[in-house]
Amino acid sequence: MMGVALAVPIAIVAHAESYLTENQATAVLFPGVKFQSSWVDLSAAQIKAIEDKSGVQVPTSHIRIWWGANREVVIVDTVLGKHELITYAVGLTPAGKVRGVEIMDYRENFGQQIRKKEWRNQFEGKDVNSPVRIDKDIRNISGATLSSVHVTNGVRRVIQTYELIR
Amino acid sequence: MNSSDSSLIKRLRPLLGTWVTVSVRGANPEICQRAISDAFFAVERVQRVMSAHDSTSDLGRLAASVGEVLEVDPWTYEVLSLSQTLSLLSNGAFDITIGNQLAQFGLLPMHEGAAQPSGPGSFRDIELMDDNRACLRAPCRLDLGGIAKGFAVDQATAIAKNTPGITDVVVNAGGDLRVDTQVPEPVFVQDPFHENQIRYFDDMTSGAVASSGGLDAQRESDWGRIVPFIEGVSRLLSARQVAVTVVAPTCTIADALTKIVAMAEPVLANQILSLFRARAWVTEA
């Protein structure tokens with residue numbers, strides 16, 4: 000069933016998935032808490048301090064922050080992975096402890112190649128009666144282990160950012 | 000079921016060192032979001048108690064207290080019990096005490112500070128007692144690896160599915176996935192040796208699929224590019240360049256059986272597969 004080389008055209012599929020809006024992200028990270036949005040601009044000195052402490056480069060000085068009624072914080076950030084652009088929200092308690100990390104948008108914009116005919120291949124002669132629904136179901140893939148290290152590094156940077164501006 | 004009457008909501012979090020997706024269909028968005036949050040709490044609990052990297056996890060505590068009887072999380076106990084059963088069934092090919100070898104091959108970070116346990120420990124040195132108590136009789140480093148990931152997927156699925164008003168649940172942790180739905184879900188498998196080629200596998204309403212090996216699993220080491228299949232008895236890296244996909248009733252079993260199929264004698268592996276009502280697909284590079 001495997002290893003059959005097929006000379007078929009390659010379709011470039013840009014895949015984007017949206018999970019949560021900013022409002023929804025604050026609601027699932029801190030249920031029932033009212034939030035207000037703001038922007039904070041980091042100074043050059045602050046950026047250097049964050050980079051020194053987190054070991055991660057700061058991509059933008061313009062920071063999106065949501066403040067909760069009891070000083071809970073949700074910071075919205077974006078990281079660039081190998082093939083993907085990921086926007087995510089980090090929920091922090093007033094003491095600066097991570098409550099949770101929620102992905103808001105996950106965009107694979109860099110030419111994910113999927114051989115169209117291969118999509119219709121199947122294991123052990125099973126029939127595919129339903130058309131492949133790429134946008135909706137691409138995540139039900141066994142064996143596709145993508146690294147989450149870019150977001151993990153981003154969270155380290157966000158924690159240090161909060162320490163500076165709290 | 001009529002999908003126009005219900006909500007389909009999917010969320011994604013970085014957990015267990017990979018991506019965990021929880022998708023649910025249910026009566027309304029609020030019920031769906033709550034079920035997803037509860038499912039992620041279950042994954043976080045597994046991450047906390049079964050981490051191989053963290054000295055404060057149950058695994059870390061057991062390794063640091065050789066000869067002492069410790070109480071562990073009931074979930075850790077459940078996974079340890081299953082892994083012991085699988086070690087016995089596979090004549091030791093499956094063995095969670097290979098953590099030290101994984102670290103030597105650079106597949107697990109060395110514990111900072113603490114002396115590296117180097118004894119000839121095996122699964123026979125793990126003793127399980129009543130009331131969620133366990134003891135490590137010889138120094139060795141435990142790594143539940145994919146079996147803990149599979150267990151997290153199963154727990155997350157069960158918790159979301161048991162939420163009143165939820166009809167369909169799919170949980171996917173780095174390619175270990177579990178389906179419990181009314182509406183059939185198309186499931187795909189990454190071609191293990193051809194990047195970005197994805198194959199349709201089946202439409203599923205219940206069961207689990209896990210895959211191990213292949214290009215995604217290969218790691219750079221001092222020995223070149225290797226696949227982290229370490230045979231439990233010889234403690235050697237598997238010489239075969241294989242990738243294994245297993246379909247089983249639960250994700251815990253599916254993930255564990257990928258290792259057994261890769262490493263145990265084929266006749267024995269087949270017996271174990273049928274014992275757990277599982278099927279396997281093996282791909283050679």
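Sequence order for the protein chains is G and W.
Going by numbering that gives the first Met the number 0, 164 is the number at position 165 of the first sequence; the sequence numbering is gapless.
Going by numbering that gives the first Met the number 0, 61 is the number at position 62 of the second sequence; the sequence numbering is gapless.
Positions of the beta carbon are idealized from the N, C-alpha and C atoms, including for glycine.
The structure presented is a predicted model; accordingly, all values stated were derived computationally and were not measured.
CB contact check: residue i to chain G, cutoff 8 Å
{"i": "LYS9 of chain W", "result": "yes"}
{"i": "GLN270 of chain W", "result": "no"}
{"i": "ALA209 of chain W", "result": "yes"}
{"i": "SER5 of chain W", "result": "no"}
{"i": "VAL188 of chain W", "result": "yes"}
{"i": "SER36 of chain W", "result": "yes"}
{"i": "GLN32 of chain W", "result": "yes"}
{"i": "LEU176 of chain W", "result": "yes"}
{"i": "PRO265 of chain W", "result": "no"}
{"i": "THR162 of chain W", "result": "no"}
{"i": "PRO13 of chain W", "result": "yes"}
{"i": "GLY25 of chain W", "result": "no"}
{"i": "THR166 of chain W", "result": "no"}
{"i": "GLY16 of chain W", "result": "yes"}
{"i": "THR244 of chain W", "result": "yes"}
Residue i at chain W interface by Cβ criterion, 8 Å
{"i": "THR160 of chain G", "result": "no"}
{"i": "GLU101 of chain G", "result": "yes"}
{"i": "SER147 of chain G", "result": "yes"}
{"i": "VAL27 of chain G", "result": "yes"}
{"i": "LEU19 of chain G", "result": "yes"}
{"i": "VAL39 of chain G", "result": "no"}
{"i": "VAL157 of chain G", "result": "no"}
{"i": "SER36 of chain G", "result": "no"}
Within 8 Å, strictly: CB atoms of residue i and residue j
{"i": "GLU21 of chain G", "j": "TYR105 of chain G", "result": "no"}
{"i": "LYS98 of chain W", "j": "LEU69 of chain W", "result": "Here residue 98 of chain W turns out to be Gly, not Lys, going by the sequence shown. No; because the gap between Cβ atoms is not below 8 Å, this pair is not in contact."}
{"i": "ALA253 of chain W", "j": "VAL260 of chain W", "result": "no"}
{"i": "PHE121 of chain W", "j": "GLY144 of chain W", "result": "As written in the sequence, residue 121 of chain W is Ser, which differs from the Phe given in the question. It is not a contact, given that the beta carbons lie outside the stated cut-off."}
{"i": "ILE146 of chain W", "j": "ALA133 of chain W", "result": "no"}
{"i": "LEU28 of chain G", "j": "ARG98 of chain G", "result": "yes"}
{"i": "ASP202 of chain W", "j": "GLU184 of chain W", "result": "yes"}
{"i": "LYS258 of chain W", "j": "SER205 of chain W", "result": "no"}
{"i": "ALA157 of chain W", "j": "ALA172 of chain W", "result": "no"}
{"i": "VAL45 of chain W", "j": "ASP57 of chain W", "result": "no"}
{"i": "ALA284 of chain W", "j": "PHE200 of chain W", "result": "no"}
{"i": "VAL188 of chain W", "j": "THR244 of chain W", "result": "yes"}
{"i": "GLN241 of chain W", "j": "VAL208 of chain W", "result": "In the sequence under discussion, the amino acid at residue 241 of chain W is Val, which differs from the Gln named in the question. No."}
{"i": "GLU101 of chain G", "j": "ALA24 of chain G", "result": "yes"}
{"i": "VAL57 of chain G", "j": "ILE46 of chain G", "result": "yes"}
{"i": "HIS149 of chain G", "j": "GLY90 of chain G", "result": "no"}
{"i": "ILE149 of chain W", "j": "SER141 of chain G", "result": "The sequence as given places Gly at residue 149 of chain W; Ile does not occur at that position. No, these two residues do not count as a Cβ contact at 8 Å."}
{"i": "VAL72 of chain G", "j": "ALA88 of chain G", "result": "no"}
Residue i classed as buried or exposed, judged by whether at least 16 other C-beta atoms fall within 10 angstroms
{"i": "SER60 of chain G", "result": "exposed"}
{"i": "THR84 of chain W", "result": "exposed"}
{"i": "ARG60 of chain W", "result": "buried"}
{"i": "ARG12 of chain W", "result": "buried"}
{"i": "VAL182 of chain W", "result": "exposed"}
{"i": "VAL232 of chain W", "result": "exposed"}
{"i": "ASP130 of chain W", "result": "exposed"}
{"i": "VAL7 of chain G", "result": "The predicted position of VAL7 of chain G is uncertain, since its pLDDT is 39 and thus under 50; no value can be drawn from it."}
{"i": "HIS340 of chain W", "result": "Here chain W comprises residues numbered 0 to 284, so residue 340 of chain W is not present and cannot be evaluated."}
{"i": "THR18 of chain W", "result": "A quick correction: the sequence has Trp, not Thr, at residue 18 of chain W. Looking at its Cβ environment, which holds 16 or more other Cβ atoms inside 10 Å, TRP18 of chain W is buried."}
{"i": "ARG276 of chain W", "result": "exposed"}
{"i": "MET128 of chain W", "result": "exposed"}
{"i": "LEU15 of chain W", "result": "buried"}
{"i": "SER37 of chain G", "result": "exposed"}
{"i": "GLN32 of chain W", "result": "buried"}
{"i": "GLN270 of chain W", "result": "exposed"}
{"i": "LYS96 of chain G", "result": "exposed"}
{"i": "THR75 of chain W", "result": "buried"}
For residue i, the first and last residue of its enclosing beta strand (DSSP E)
{"i": "THR180 of chain W", "result": "175-189"}
{"i": "SER210 of chain W", "result": "197-212"}
{"i": "LEU69 of chain W", "result": "68-70"}
{"i": "THR77 of chain G", "result": "72-79"}
{"i": "GLN56 of chain G", "result": "Careful: GLN56 of chain G lies outside any beta strand (DSSP E) and carries neither H nor E."}
First through last residue of the alpha helix (DSSP H) which encompasses residue i
{"i": "HIS149 of chain G", "result": "148-164"}
{"i": "ASN22 of chain G", "result": "21-28"}
{"i": "TYR76 of chain W", "result": "73-88"}
{"i": "ASN171 of chain W", "result": "Unbroken run through ASN171 of chain W is the beta strand (DSSP E), 165-172; no alpha helix (DSSP H)."}
{"i": "VAL45 of chain W", "result": "28-49"}
{"i": "LEU91 of chain G", "result": "First-last for LEU91 of chain G: 83-91, but that is the beta strand (DSSP E), not the alpha helix (DSSP H)."}
{"i": "GLN154 of chain W", "result": "144-160"}
{"i": "ARG60 of chain W", "result": "57-63"}
{"i": "CYS250 of chain W", "result": "250-262"}
Sufficient close CB pairs (3 or more, under 8 Å) joining the segment 23-32 of chain W to the segment 162-173 of chain W = yes
ask   = With a cut-off of 8 Å, do at least 3 Cβ pairs link the segment 37-46 of chain W to the segment 30-37 of chain G?
value = no
message = Check whether the segment 153-160 of chain G and the segment 47-62 of chain G are in contact - that is, three or more C-beta pairs closer than 8 Å.
response = yes
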